[in-house]
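Colleague:
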Amino acid sequence: MLNVVVEGCSHGELDPIYASVARIEEAASIKVDLLLCCGDFQSLRDAGDFEGMAVPAHHRHLASFHDYYHGRKVAPVLTIFIGGNHEASNYLQELHYGGWVAPNIYFLGFSGVVNVGGIRIGGLTGIYNHRHYSLGHFEAPPYSPDTLRSVYHVREYDVYKLAQLTGKVDIMMSHDWPRGIARHGNVGRLLQRKSYFREEIEDNTLGSPPAEQLLHMLKPAYWFSAHLHTKFAALVKHDDGTETRFLALDKCLPNREFLQLVSLPRPTGRGAPVLRYDPEWLAIVKKTHHLLSSHRGNVYLPTECERVTDEEIADVRKRFDRVPHNFNPPPRPHNGGAGALQGDPQVLDRVCSFIMHTGRLCVYVYVCGPRA
């Protein structure tokens with residue numbers, strides 16, 4: 001079995017989250033193999049990163065991630081997360097295609113797919129906003145008040161890549177809920193806790209249309225979300241007879257339902273589960289990279305994408321397997337945060353080296369950041 005703990009909104013509170021995971025291990029007499037965090041992770045390296053996070057000044061709290069980034073602490077369990085709408089966006093933009101943000105803590109990217117112990121895990125970062133959905137990833141630090149918020153809005157390009165997946169997806173993660181998911185669970189109980197959802201549920205505007213699209217295209221066994229700060233379960237029955245078990249979780253606070261243990265049968269081996277690249281996903285990333293735009297204008301995507309071939313997937317398999325543990329952060333510039341890419345050229349060189357978290361991967365997909 002692969003023992004997975006799912007967590008809702010982290011808000012940077014890694015110490016209490018890991019302490020809660022340890023209590024689950026003790027109570028259930030198990031070893032947790034993987035922690036999945038569904039957004040609002042808040043990977044703040046220092047106070048400078050507040051300039052890249054959309055929160056009111058009175059909510060600025062450094063929390064505990066910085067201790068893991070600087071090596072004062074090490075995550076006791078492999079942790080994979082997606083972004084939400086309260087993130088150190090300047091840091092996550094450095095890892096558009098995903099990568100280590102600290103030892104044993106992995107960002108899945110703006111969209112991404114990996115494999116842990118034979119379990120295929122996909123994710124979509126951000127929340128939906130129709131005004132920015134079709135645009136390029138035009139935001140860059142230092143952010144304006146507008147781009148500080150648009151930077152975490154989901155883009156069609158990232159959804160498009162996920163829509164090219166074939167085969168079984170075991171777990172999908174999104175920060176906001178798939179639109180319409182409330183109708184597949186106990187709506188009455190949900191409205192008892194969140195009565196102000198009623199109009200959106202009745203109008204079918206609660207949740208993300210792109211996430212809804214992916215839910216019915218990919219039909220994953222599990223879909224985990226956060227964002228709305230309440231626990232909610234649902235069962236989606238697809239036309240082909242398959243089912244998706246949906247679970248949303250709360251934020252990390254005392255007496256809140258923010259964690260859930262899920263044990264999944266492992267299709268491979270009995271050894272320790274490790275983080276591996278997904279060959280089909282890397283082939284998709286390579287084939288669609290030319291569509292990635294850093295302009296504000298609309299990005300026109302093909303109505304029909306040429307699927308990756310078995311030969312292209314086999315080529316990835318020859319080159320990539322395990323995700324290397326190569327986290328080696330550059331020194332933080334004196335001004336940190338949104339100014340991290342300004343100043344000393346030597347610091348800039350090391351930052352750019354860090355952004356390409358694995359040179360072999362970046363050379364393979366011809367990636368060193370969004371295209372001009």
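Numbering (the UniProt record's numbering), first residue to last: 1 to 372. Built from N, CA and C at the ideal position, the CB exists for glycine as well. If you're wondering where the values come from, they're calculated on a predicted model, not measured in any experiment.
Quick check on the DSSP output: what are the complete alpha helix (DSSP H) runs of length 4 or more inside the stretch 125 to 192, in order along the chain?
Modeller: The stretch 125 to 192 contains these whole alpha helix (DSSP H) runs: 147 to 150, 156 to 163.
Colleague: Looking at C-alpha atoms only, which residue of Y222, N255, T242 is the closest neighbour of A248?
Modeller: Residue numbering aside, residue 248 sits at position 248 when the sequence shown is read from its first letter. Comparing Cα-Cα distances from A248 to each of Y222, N255, T242, the minimum goes to Y222.
Colleague: For the alpha helix (DSSP H) that L215 lies in, which residues bound it at each end?
Modeller: In the sequence shown, counting from the first residue as 1, residue 215 sits at position 215. L215 -> alpha helix (DSSP H) spans 209 to 218.
Colleague: Could you tell me which uninterrupted beta strand (DSSP E) segments, each at least 3 residues in length, are contained entirely in the stretch 61 to 133, listed from first to last along the chain?
Modeller: Counting only runs of 3 or more, we get 79 to 81, 99 to 102, 105 to 107, 111 to 116, 119 to 124.
Colleague: What's the C-alpha gap between N3 and T79?
Modeller: Stepping through the sequence shown from its first residue, residue 3 is reached at position 3. Stepping through the sequence shown from its first residue, residue 79 is reached at position 79. In a straight line, the C-alpha of N3 is about 13 Å away from that of T79.
Colleague: Does K237 come within less than 7 Å of chain B when only Cβ atoms are used?
Modeller: You won't find chain B in this structure, because it holds only one protein chain.
Colleague: Going by the DSSP bridge assignment, what does S263 pair with across the sheet?
Modeller: If you number the sequence shown from 1, residue 263 lands on position 263. Answer is N3.
Colleague: Using DSSP with H/G/I as helix, E/B as strand and the rest coil, what is T303?
Modeller: Start at 1 with the first residue of the sequence shown, and residue 303 comes out as number 303. T303 falls in the coil class under three-state DSSP.
Colleague: Have a look at H11 and I284 and give me their C-alpha separation to the nearest angstrom.
Modeller: Here residue 11 is taken as the residue at index 11 of the sequence shown, counted from 1. Here residue 284 is taken as the residue at index 284 of the sequence shown, counted from 1. Approximately 31 Å between the Cα atoms of the pair.
Colleague: Quick one: using the 10 Å Cβ neighbour count with 16 as the cut-off for buried, is L235 buried or exposed?
Modeller: As a position in the sequence shown, residue 235 is number 235, starting the count at 1. Classification for L235: exposed.
Colleague: Return the first residue and the last residue of the alpha helix (DSSP H) that A22 is part of.
Modeller: As a first step, residue 22 must be located in the sequence shown, where it is residue number 22. A22 -> alpha helix (DSSP H) spans 14 to 28.
Colleague: Using C-beta distances below 6 Å, list every residue in its chain close to R266, excluding the 5 sequence neighbours before and after it, in chain order.
Modeller: Here residue 266 refers to the residue found at position 266 when the sequence shown is read from its first residue. Closer than 6 Å at the Cβ level, and outside the excluded window around R266, lie L2, G117, G118.
Colleague: In the DSSP output, what is V236 paired with across the bridge?
Modeller: Position 236 of the sequence shown holds residue 236. Answer by DSSP bridge pairing, in chain order: T244.
Colleague: Should Q192 be counted as a contact of the ligand FAD given a C-beta to heavy atom distance under 6 Å?
Modeller: This structure lacks the ligand FAD, and indeed carries no ligand of any kind.
Colleague: Kindly confirm or deny that the stretch 80 to 94 and the stretch 33 to 49 touch, where touching means at least three C-beta pairs closer than 8 Å.
Modeller: The stretch 80 to 94 vs the stretch 33 to 49: in contact.
Colleague: Do S294 and F138 have their C-beta atoms within less than 7 Å of each other?
Modeller: For the purposes of this step, residue 294 is taken as the residue at position 294 of the sequence shown. For the purposes of this step, residue 138 is taken as the residue at position 138 of the sequence shown. Yes, these two residues count as a Cβ contact at 7 Å.
Colleague: So, with DSSP's three-state summary, where would you put F327?
Modeller: Within the sequence shown, numbered from 1, the residue matching residue 327 stands at position 327. F327: coil per DSSP, three-state reduction.
Colleague: Is it a yes or a no for the stretch 164 to 176 touching the stretch 195 to 215, going by three-plus beta-carbon pairs under 8 Å?
Modeller: Taking 8 Å as the limit for Cβ pairs, the verdict is that the stretch 195 to 215 does touch the stretch 164 to 176.
Colleague: Using beta-carbon positions only, say whether residue 376 and S111 come within less than 7 Å of one another.
Modeller: Summary: the structure shown does not reach residue 376, with the chain confined to residues 1 through 372, and so no result is reported for it.
Colleague: CA-CA distance, H290 and L301?
Modeller: To locate residue 290, count along the sequence shown from 1; it is residue 290. To locate residue 301, count along the sequence shown from 1; it is residue 301. Approximately 11 Å between the Cα atoms of the pair.
Colleague: Note down, in chain order, each residue of its chain lying with its Cβ closer than 6 Å to the Cβ of R45, except the 5 sequence neighbours on either side.
Modeller: Walking along the sequence shown from the start, residue 45 turns up at place 45. Same-chain partners within the cutoff: H66, Y69.
Colleague: Label P56 either buried or exposed according to how many other C-beta atoms from any shown protein chain fall within 10 Å of its C-beta, with 16 as the threshold for buried.
Modeller: Start at 1 with the first residue of the sequence shown, and residue 56 comes out as number 56. By the neighbour-count rule (16 or more Cβ atoms within 10 Å), P56 is not buried but exposed.
Colleague: Are the CB atoms of G52 and A19 nearer to each other than 7 Å?
Modeller: For the purposes of this step, residue 52 is taken as residue 52 along the sequence shown, with counting starting at 1. For the purposes of this step, residue 19 is taken as residue 19 along the sequence shown, with counting starting at 1. No, they are not a contact pair.
Colleague: Could you check the C-alpha separation between L261 and G297 for me, to the nearest Å?
Modeller: As a working note, residue 261 is residue 261 in the sequence shown. As a working note, residue 297 is residue 297 in the sequence shown. Each residue's alpha carbon lies about 42 Å from the other.
Colleague: Would a C-beta distance cut-off of 7 Å place A226 and C9 closer than the cut-off?
Modeller: Walking along the sequence shown from the start, residue 226 turns up at place 226. Walking along the sequence shown from the start, residue 9 turns up at place 9. Yes, the Cβ-Cβ distance between A226 and C9 is below 7 Å.
Colleague: Look up L291 in the DSSP assignment and say whether it is helix, strand or coil.
Modeller: Sequence index remark: in the sequence shown, residue 291 carries index 291 (1-based). In this structure, L291 counts as helix in the three-state DSSP scheme.
Colleague: Taking the alpha carbon of R120 as the point to measure from, which residue in S134, I127, I171 has its own alpha carbon closest?
Modeller: Here residue 120 is taken as the residue at index 120 of the sequence shown, counted from 1. The shortest C-alpha separation from R120 is found at I171.
Colleague: Rounded to a whole number of angstroms, what is the C-alpha to C-alpha distance between V151 and L14?
Modeller: Within the sequence shown, residue 151 is the residue found at index 151, counting from 1. Within the sequence shown, residue 14 is the residue found at index 14, counting from 1. So the alpha carbons of these two residues sit roughly 24 Å apart.
Colleague: Expressed to the nearest angstrom, what Euclidean distance is found between the alpha-carbon atoms of A22 and L124?
Modeller: The count along the sequence shown starts at 1 and reaches residue 22 at position 22. The count along the sequence shown starts at 1 and reaches residue 124 at position 124. Taking the straight line joining both Cα atoms gives about 27 Å.
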